[in-house]
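> With numbering that gives the first Met the number 0 applied, the sequence shown corresponds to residues 0 to 244, in that order. All C-beta atoms in this analysis are idealised placements derived from N, C-alpha and C, irrespective of residue type, glycine included. This structure is in structure tokens; I'll ask about it shortly.
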Amino acid sequence: MSSKDNDKVSQETPLEEDYLEVANERKQEGNDHFRAGKWNEALVAYRSALNCLPKRPASPRAEKSQLGEDDEGGEPEPTPDLPKAEEDVIDLSSPAVSEVDKEAARLRAVLNANMGACFVKLGDHKEAVKLCTEAIRDDPTYIKARERRAASNDALNTWTSLTSVQEDYEALLKLIDSPSQQSDIRRKLQLLKPRLEAAQKRETDEMLGKLKSLGNSILGNFGLSTDNFKFEPNGSGGYSMNFTR
């Protein structure tokens, strides 16, 4: 390495250490506010810390998705399906990620999860879910962020949110080694199943009710109603439609 390169490293490294140090100091301020029950003040400190850090880089998958093609101009290669919220997670075990970038990613994850905790205290579970998802994108193995996201999605109690709870519980089973904790998660999964089915039925019924109302408003112009169309299970998971007068 030339003396010029050495000078470049010596100039860049302190800057990297500086923003990590400042971010950690502001995170500690946020922790102090949180312990004092000052949720909004904690949020301000955590956001300030987050602003000290570099943005999360786009994953190769996300970059290809934006380009719509591979480097050679051909069709994009098929990639394994991931939950939409986690398509651009960072692989912290990759040798391509520097130690400084790994530390920044872990700190971003902690800060986003901590802000999520503030919004839980403020009763805003939607925002808590959003921030915990950001934390998981930086660190997919972050157990506390998954637990917090699952708890907030459970509180939202919709078909979509409960499905996400199920996915997080299944991920936690792979991340947690403790047999007692795994047993607790399996118990929660069992209790979740009937709630998930009930939410699915409730929201499906609501959607069908709205569609029926819309259909009747249109069919009424022709002297018909949705009652003239009968939908029956076809035995293969779908429905067949019959017209009756």
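Any heavy atom of the ligand COA closer than 7 Å to the CB of residue 144?
Inclusion of the ligand COA in the displayed structure is not the case, the ligand content being empty and no account of it being possible.
> Can you pull the DSSP bridge partners for residue 231?
Paired residue(s): 239.
> Given residue 62, which residues of its chain have a CB within under 7 Å of its CB, disregarding the five upstream and five downstream residues?
Note that residue 62 scores 44 on pLDDT, short of 50, meaning its location in the model is unreliable; the coordinates nonetheless yield the value given after this. Within the same chain, residue 62 has no close Cβ partners at all.
> Does the beta-carbon of residue 206 have 16 or more other beta-carbons within 10 angstroms, so that it is buried, or is it exposed?
That one is exposed.
> For a quick check, are the C-beta atoms of residue 38 and residue 120 less than 8 Å apart?
Yes, Cβ-Cβ distance for residue 38 and residue 120 is below 8 Å.
> So what does DSSP say about residue 142, is it helix, strand or coil?
The answer is helix: DSSP assigns residue 142 an H, G or I state.
> Among the candidates 90, 199, 34, 102, whose CA atom is the shortest distance from the CA of residue 49?
The shortest C-alpha separation from residue 49 is found at 102.
> Just tell me which of 197, 177, 51, 18 has its CA closest to the CA of residue 162.
Nearest option by C-alpha distance: 197.
> Using three-state DSSP, classify residue 52 as helix, strand or coil.
Reduced to three states, the DSSP call for residue 52 is coil.
> Check whether the Cβ atoms of residue 172 and residue 184 sit closer than 8 Å, and answer yes or no.
Yes, the pair counts as a contact, with Cβ atoms nearer than the cut-off.
> Could you name the residues of the same chain whose beta carbon sits closer than 6 Å to that of residue 79, not counting the 5 residues immediately before and after it, in chain order?
With a pLDDT of 34 at residue 79, under the threshold of 50, the modelled position of that residue is not reliable, and no figure is offered here.
> Measuring only the C-alpha atoms, how far is residue 180 from residue 126?
Between residue 180 and residue 126, the C-alpha separation is close to 27 Å.
> Tell me the rounded alpha-carbon separation between residue 43 and residue 32.
Between residue 43 and residue 32, the C-alpha separation is close to 10 Å.
> According to DSSP, is residue 175 helix, strand or coil?
It is coil, neither helix nor strand.
> CA-CA distance, residue 168 and residue 122?
Each residue's alpha carbon lies about 22 Å from the other.
> Once you ignore the five residues that flank residue 170 on each side, which residues in its own chain have a CB closer than 7 Å to its CB?
The residues are 145.
> Out of curiosity, what's the CA-to-CA distance linking residue 40 and residue 29?
Distance between the alpha carbons of residue 40 and residue 29: 7 Å.
> Once the 5 residues before and after residue 70 are set aside, which same chain residues still bring their CB inside 6 Å of it?
Model confidence at residue 70 stands at a pLDDT of 45, short of 50, so the residue's coordinates are unreliable; what they give is reported in the following sentence. If we look at residue 70 and ignore the five residues flanking it on each side, it has no Cβ neighbours.
> Could you tell me the alpha carbon to alpha carbon distance between residue 143 and residue 135, rounded to whole angstroms?
Roughly 10 Å separates the two Cα atoms.
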